[in-house]
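Numbering of the sequence shown is given in this note's numbering, commencing with residue 132 and proceeding in unit increments.
Read the structure below first, then the notes.
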Amino acid sequence: MEEERTLLSSRLSLGDSQVDVLLSRAVLEWKEAGESRRRSPGASQTARGQTVQVSEIVAVHMTGDDDEDDPAQIKKDRKKTKQRTQEHPCSFTVSYVRRTRQHQWRCSDVAFHCSSQALCEQWVRVANEQLSSLTNRPKSLLVYINPYGGKRRGKHIFEQKVAPLFRRAGISTDVIVTQRANHARDHLKTEANLHKYDGVVCVGGDGMFSEILHGLVTRTQTDHSVDQNQPDAQLVPCSLRIGIIPAGSTDCICFATVGTNDPVTSALHIVVGDSQPMDVCSVHHNNVFLKYSVSLLGYGFYGDVLAESERKRWLGPARYDLSGVKTFLSLNYYEGTVSFLPAEDNMGNPRDKLQCRSGCRVCQHKQSKDKLGEMSEEKEKSAKDGWNEIYGKFIAINSASMSCACPRSPKGLSPSAHLADGTTDLILVRKCSRLDFFRHLLRHTNKAADQFDHSFVEVHRVRKFHFQPTFQELVSPENQSDPPGETELGPIHPPQTTYYSTARSSWNCDGEILHHAAIQVNVQCQLIKLFARGIEEQQQQHVFEEPCTVLDLKPSTL
């Protein structure tokens with residue numbers, strides 16, 4: 132095969148050993164001289180050798196050409212390698228991705244020593260030519276940093292952990308430290324010269340990502356004269372990929388798309404140019420655009436938790452726990468009608484145990500169908516008549532466009548939700564006892580149990596849904612004097628009189644409050660792309676410490 136054609140093959144020195152090194156279009160591999168060569172996918176380990184995908188090589192350079200701007204920790208890690216190369220002045224270093232525990236990536240270095248300067252320069256030149264041919268890799272990035280909030284400071288994380296990797300890979304960056312809420316969104320919508328960049332990176336939490344999402348999507352629709360206020364408008368996919376460097380409190384979106392909230396891992400996904408399509412839900416109220424959502428839309432319980440936590444921001448991250456307990460003890464429920472358009476039969480269902488992973492066949496099948504244009508106008512027209520309608524009293528109405536997994540909930544709200552299949556999982560939790568609802572919440576922390584195996588819970592995979600609340604509530608005469616602000620989030624009580632008031636919840640839209648209860652939600656299939664590849668299946672990893680030197684950029688403890 133053409134891509135397997137050998138570009139270079141030499142016998143070089145690696146530490147105290149002689150190794151046969153081969154570079155093809157697809158892989159770089161080395162083994163001790165005289166041993167048989169074995170190959171395995173990815174960055175794999177044989178008895179005394181290793182194979183690395185070219186696509187996962189970060190950089191190749193002469194060993195003495197280290198970046199002088201690298202922080203002290205990296206220079207210290209390289210000291211051992213430089214000491215070895217003093218006996219072999221003609222050497223080059225390959226920096227590549229090494230997988231460690233819990234989906235984390237690290238950048239490792241291996242230094243090969245050559246018999247002549249000419250051979251060394253040839254290896255560096257050919258290897259870099261091969262890296263340059265990888266068109267998916269970014270060369271210029273626009274970076275927004277949120278310096279506030281969360282457990283970690285975004286600016287420190289970028290300067291100490293991310294920027295050195297970008298410099299080593301030859302990626303230039305324009306950095307903007309945000310000064311206020313929605314600074315990044317407004318800059319993307321109007322001022323940013325997006326033609327200069329290959330991607331946009333946000334350093335912060337889920338709120339910062341939401342700013343980037345809204346700014347980039349809005350800018351794309353404006354450039355293509357698409358009216359976002361039209362619920363059925365076909366939005367134009369964004370051409371620039373979005374990178375997430377997690378520096379927030381939960382970093383749910385990063386965790387659900389990469390498998391870890393580690394900034395070094397996310398930076399390496401950006402460096403190697405990974406691309407993961409992602410669905411986006413557009414939310415409207417009476418044909419007026421409200422928000423975009425990529426993870427959770429929650430009415431009832433999760434909306435009440437968020438509304439309560441906003442009144443306790445002075446508590447920091449602890450406000451979520453306190454607000455959750457208070458909301459659970461109240462156990463409000465709300466009446467309304469949910470209408471939804473089910474997904475096609477071949478899109479699976481939320482209980483099929485088929486999890487979305489790197490190279491997901493469901494998402495790839497959806498992408499290939501869209502490219503071939505198999506969704507005909509006749510099929511789209513007939514789908515309009517297939518709406519289902521459910522009326523009831525609900526403790527929670529949730530829409531999960533991804534698993535919504537996080538460290539506290541390893542499987543998430545909907546473990547089998549897919550990132551890019553054009554659907555969202557609609558979860559309806561009907562009125563039940565406090566004990567039953569507690570059992571439902573407990574399932575979110577249990578890796579083995581079926582989260583939807585309760586009589587009061589139902590789940591549907593849908594393409595669109597509407598919610599129309601029933602606002603009227605029967606209350607006693609003594610409550611008529613209560614101010615509106617104290618009754619808006621109150622529970623529905625058994626009828627006592629014929630006096631009426633209003634009761635309603637708020638929507639939790641990716642951690643932001645939507646005060647309109649009646650909404651229309653459409654799934655925009657693969658509207659954006661992330662610098663990610665989905666969660667990889669865990670494989671047994673073996674660390675080849677000698678003669679390789681591992682460059683651990685000191686990840687934050689999660």
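Positions of the beta carbon are idealized from the N, C-alpha and C atoms, including for glycine.
Because the structure is a prediction, the values reported are computed rather than measured.
Find the nearest neighbour of residue 464 within the set 430, 474 and 473, judged by alpha-carbon distance.
It is 430.
Please classify residue 299: is it buried, with 16 or more other beta-carbons within 10 angstroms of its beta-carbon, or exposed?
When all chains shown are included, residue 299 counts as buried.
Restricting to Cα atoms, I'd like to know which of 358, 222 and 275 is closest to residue 312.
Checked all of 358, 222 and 275; the closest Cα to residue 312 is 275.
For residue 649, I'd like the list of residues in its chain whose CB is within less than 7 Å of its CB, leaving aside the five on either flank, ordered along the chain.
Result list for residue 649: 416, 598, 599 and 600, in chain order.
For residue 391, which option in 580, 187, 191 and 230 has the closest C-alpha, if you only look at C-alpha atoms?
Of the listed residues, the one whose Cα sits closest to residue 391 is 230.
With a cut-off of 8 Å on the beta carbons, I'd call residue 385 and residue 375 a contact; round off their distance for me.
That pair is a contact at about 5 Å.
Tell me which same chain residues have a C-beta within less than 7 Å of the C-beta of residue 523, skipping the five on either side of it?
561, listed in sequence order.
What residue range does the alpha helix (DSSP H) around residue 253 cover?
Counting along the chain, the alpha helix (DSSP H) containing residue 253 begins and ends at 248–263.
Span of the beta strand (DSSP E), counted from its first residue to its last, around residue 421
Per DSSP, residue 421 belongs to the beta strand (DSSP E) from 419–424.
Taking 8 Å as the threshold (C-beta atoms), are residue 331 and residue 373 in contact?
Result yes, Cβ atoms of residue 373 and residue 331 sit closer than 8 Å.
From the DSSP output, which residues share a beta bridge with residue 470?
According to DSSP, residue 470 bridges with 520 and 597.
Which same chain residues, not among the five before or five after residue 535, have their C-beta less than 8 Å away from its C-beta?
If we look at residue 535 and ignore the five residues flanking it on each side, its Cβ neighbours are 383, 387, 426, 427, 543, 544, 545 and 548.
Any idea what DSSP makes of residue 141, helix, strand or coil?
Strand, per DSSP.
Tell me, to the nearest whole angstrom, how far the beta carbon of residue 640 is from that of residue 414; I am working on the premise that it is less than 8 Å.
Indeed they touch by this definition, with Cβ atoms about 6 Å apart.
Express the C-alpha separation of residue 563 and residue 587 in angstroms, rounding to a whole number.
Straight across, the Cα-Cα distance linking residue 587 with residue 563 is about 7 Å.
Below 8 Å, how does it come out for the region 182–191 and the region 144–164: are there three or more Cβ pairs, yes or no?
Contact between the region 182–191 and the region 144–164 is present, because at least three Cβ pairs lie under 8 Å.
Residue environment, residue 326, which counts as buried when at least 16 other CB atoms sit within 10 Å
With fewer than 16 other CB atoms across the displayed protein chains lying within 10 angstroms of its CB, residue 326 is exposed.
Once you ignore the five residues that flank residue 141 on each side, which residues in its own chain have a CB closer than 6 Å to its CB?
Setting aside the 5 residues that flank it on each side, residue 141 is surrounded in the same chain by 152, each with a C-beta closer than 6 Å to its C-beta; the list follows chain order.
For residue 342, does the three-state DSSP call read helix, strand or coil?
DSSP places residue 342 in helix when its eight states are reduced to three.
Along the chain, which unbroken stretches of the beta strand (DSSP E) at least 3 residues long are found entirely within the region 259–325?
Qualifying beta strand (DSSP E) stretches, in chain order: 271–276 and 303–308.
Would the beta-carbon of residue 667 fall within 8 Å of that of residue 492?
No, they are not a contact pair.
In the DSSP assignment, the alpha helix (DSSP H) including residue 383 goes from what residue to what residue?
Residue 383 -> alpha helix (DSSP H) spans 383–389.
Which same chain residues, not among the five before or five after residue 582, have their C-beta less than 6 Å away from its C-beta?
Beyond the five residues adjoining it in sequence on each side, residue 582 comes within less than 6 Å, by CB distance, of 574 in the same chain, given in chain order.
In the structure shown, what three-state DSSP assignment does residue 511 receive?
Confidence at residue 511 is low in this model, with a pLDDT of 49, below 50, so its placement is unreliable and the value that follows should be read with caution. Helix at residue 511.
By Cβ distance, which residues of its chain are closer than 6 Å to residue 519, with the 5 residues on each side in sequence left out?
If we look at residue 519 and ignore the five residues flanking it on each side, its Cβ neighbours are 471.
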